[in-house]
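Q: Below is a structure I'd like to ask you about.
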Amino acid sequence: MFNFFNELISDYGLETSLINSFNIINMSNKLVYIEGHKGVVSISSENISVRVKKGVLCIVGKNLQIKRISHTTLVIIGQIKEIESY
Amino acid sequence: MKQYKFEIPALNTEKLLNKLVLEFDIFDIKKQDNICSFFCKSKQKKQIEKILKKYGFSIKSKSYFGLAKHLKNISSLGIITGIIISVVLYIISTFFISNVLIVGNLTITSKEIMQVLENYNINKWSLKSSIDVKNLQQELEEIKYVSYASVIIKGNALIINIKEQLTNNEIVNMGTFQPLVSKYDGKITSIKLIQGTSAVKVGDIVKLGDVLIYPYILNDDGTTLSVQPLANITCDVWITTRLEVKDKEIKKIRTNNVISNYSLSFMGINFFNTNQKVTFSNYETEKKECYLSYCILPIKIKYTNCYEYIFKEIKTNFEENKDKYIEKTRQMSLLNVKEYDIIKDESYVINKQDDTNIIIYTITLNKLIT
């Protein structure tokens, strides 16, 4: 099956260790896909924080909601303004 | 497919969601005005409800969504026929036992009890009328270590309740009990004493390891009797996180200047080196080793990169980014909150000392400390 991140690594000759942490895809500031999260820290309509390897990822915006969640992947929808990493 | 919606009024539902995600499919998670809502498949709603109740979360509302909501309005002949057939099948099934539940057994295995049932030809789908409850009860009471057994048929289930013979804990462990001690620092909010003598009262501030319940009770004649101390004590526990933000900070910043050297080696013997001199006054080195991927021979290439850096004074506008720092401190505090801890209150204080702004964020939890 096609794996976006693996294709990226092989096409650009990058190191495979690059994808052992977490990956984010932001689609038009309306959808954020996070791969490799380690649990939700906080949820509100303006701010959703998730734990990732060695830190916290903070998604700031409006009308935010978690559309889908599994133990490693997460889809957030809403008007995304900022993605910060602490 | 969303079918069932839950609404939970609580502050710390995030930890709960992390736990639920591991076992159930939940989606469309929202949180507004401290009310968290999410959808789940209707077949999982009972299990989720059970978990929520187990960890003390109250459910504000729960309702059917999607297909399940419209099912009641369907008046199709096929569905009505299906319902009639289901009802007939259900009525027939009420004549049989579909489930055998064994409760109360700790040392006696369910297998031993099932063996007795097999001797009586009782299995799943046995006719209810063929079961002699009294005889079965007597037979079960003859099992070793069973002091009492009750058998009832409720619905389609045969429920067997076993009471095992108990040894008196007070006599067996006379004088060997340890006092009940606090697992946290905090302020006591409630005490539910089950057994023993209380050493604290509501409102007392206790530290980790402080004695809460003594392992004895006083008799009327003044003598003491050793007992296992048992109590449910809740207390307010404070989790505090501190963040210091300096107005001015000197940081090490890499310039874009790099000097790279590499060497080639075969079987540990160096046969080629680039020896560029490092002219930077301040620099840090990074080394990397790998084999040449396009060569059949095991030739190792060793990179040494020298990155120039400078020290730069960086000014921080604390007032402008205050909310961001407060949120960061909150996130740091939340990392110390354990699974299913109930958050009672959150507050923060900002102090200024010379050129340092100190944010102290406090989360108050209500915890069972015994």
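Those protein sequence lines, which keep their order, are chains W and V. Mapping of the first sequence onto my numbering: position 54 corresponds to residue 54, and the numbering continues sequentially without gaps. Mapping of the second sequence onto my numbering: position 193 corresponds to residue 1193, and the numbering continues sequentially without gaps. All residues carry an ideal CB built from backbone N, CA and C; glycine is no exception. The model shown is predicted, which means the values in this text are computed figures rather than measured ones.
1. Under the rule that 16 or more other beta-carbon atoms within 10 Å means buried, what is S1333 (chain V), buried or exposed?
2. Between the region 1004–1020 of chain V and the region 1049–1057 of chain V, do at least 3 Cβ pairs fall closer than 8 Å?
3. Residues of the region 67–80 of chain W in Cβ contact with chain V at a cutoff of 7 Å, in chain order, please.
4. Hey, is the region 1173–1188 of chain V in contact with the region 1351–1369 of chain V, meaning 3+ C-beta pairs nearer than 8 Å?
5. Give the residues of chain V in contact with Y33 (chain W), contact being defined as C-beta atoms less than 9 Å apart.
6. Using a beta-carbon distance cut-off of less than 8 Å, what residues from the region 45–63 of chain W approach chain V?
7. Strictly under 8 Å for the Cβ-Cβ distance: is G39 (chain W) near chain V by that measure?
8. How would you label H37 (chain W), buried or exposed, when you count the other beta carbons within 10 angstroms and need 16 or more for buried?
9. Which residues of chain V have a Cβ atom closer than 8 Å to the Cβ of I43 (chain W), listed in chain order?
10. Using a C-beta to C-beta distance shorter than 9 Å, which residues of chain V count as neighbours of I12 (chain W)?
11. Rounded to a whole number of angstroms, what is the C-alpha to C-alpha distance between E1170 (chain V) and D1345 (chain V)?
12. The alpha helix (DSSP H) spanning K1134 (chain V) covers which residue range?
13. How would you list, in chain order, the residues of chain W whose beta-carbon sits under 8 Å from the beta-carbon of Q1331 (chain V)?
14. If we cut at 8 Å on Cβ distances, does L1022 (chain V) have a partner in chain W?
15. Which of the three DSSP states is assigned to M27 (chain W) in this structure?
16. How about T1176 (chain V) and Y1361 (chain V): are their beta carbons less than 8 Å apart?
17. Would you identify the three-state DSSP class for Q1032 (chain V), choosing helix, strand or coil?
18. Does the beta carbon of K1328 (chain V) sit closer than 8 Å to a beta carbon anywhere in chain W?
19. I want to verify the contact list: residues of chain W whose CB lies under 7 Å from the CB of L1334 (chain V), in sequence order.
20. Could you tell me the alpha carbon to alpha carbon distance between A1434 (chain V) and I69 (chain W), rounded to whole angstroms?
21. Bridge partners for D1345 (chain V) per DSSP, in chain order?
22. Between W:L14, W:V60, W:T72, W:N23, which has its C-alpha nearest K30 (chain W)'s C-alpha?
23. If we define contact as Cβ-Cβ less than 8 Å, is I1026 (chain V) a contact residue for chain W?
A: Per the coordinate set shown:
1. S1333 (chain V) should be labelled buried.
2. yes
3. So the list reads K67, R68, I69, S70, H71, given in the order they occur along the chain.
4. Proximity of the region 1173–1188 of chain V to the region 1351–1369 of chain V meets the contact definition, three or more beta-carbon pairs being nearer than 8 Å.
5. Ordered by position in chain V, no residue passes the 9 Å Cβ test against Y33 (chain W), which lies about 14 Å from the chain.
6. S45, N47, S49, R51, V56, C58
7. Chain V, which has a Cβ nearer than 8 Å to the Cβ of G39 (chain W), makes this yes.
8. buried
9. T1013, E1014, L1017, I1029, K1030, K1031, C1036
10. Sequence check: residue 12 (chain W) is Tyr here, not Ile. Simply none; closest approach about 15 Å.
11. Note that E1170 (chain V) has pLDDT 47, beneath the 50 cutoff, so the model's placement of it is unreliable and the number below is only indicative. E1170 (chain V) and D1345 (chain V): Cα-Cα distance of roughly 41 Å.
12. 1133–1141
13. V41, S42, S49, V56, C58, Y86
14. yes
15. Of the three classes helix, strand and coil, the one that applies to M27 (chain W) here is strand, per DSSP.
16. No.
17. strand
18. It does: the Cβ of K1328 (chain V) has a partner Cβ on chain W nearer than 8 Å.
19. V41, S42
20. For residue 1434 (chain V) there is no data in the structure shown, the boundaries of chain V being 1001 and 1370.
21. V:T1364
22. W:V60
23. Yes, because at least one Cβ of chain W sits closer than 8 Å to the Cβ of I1026 (chain V).
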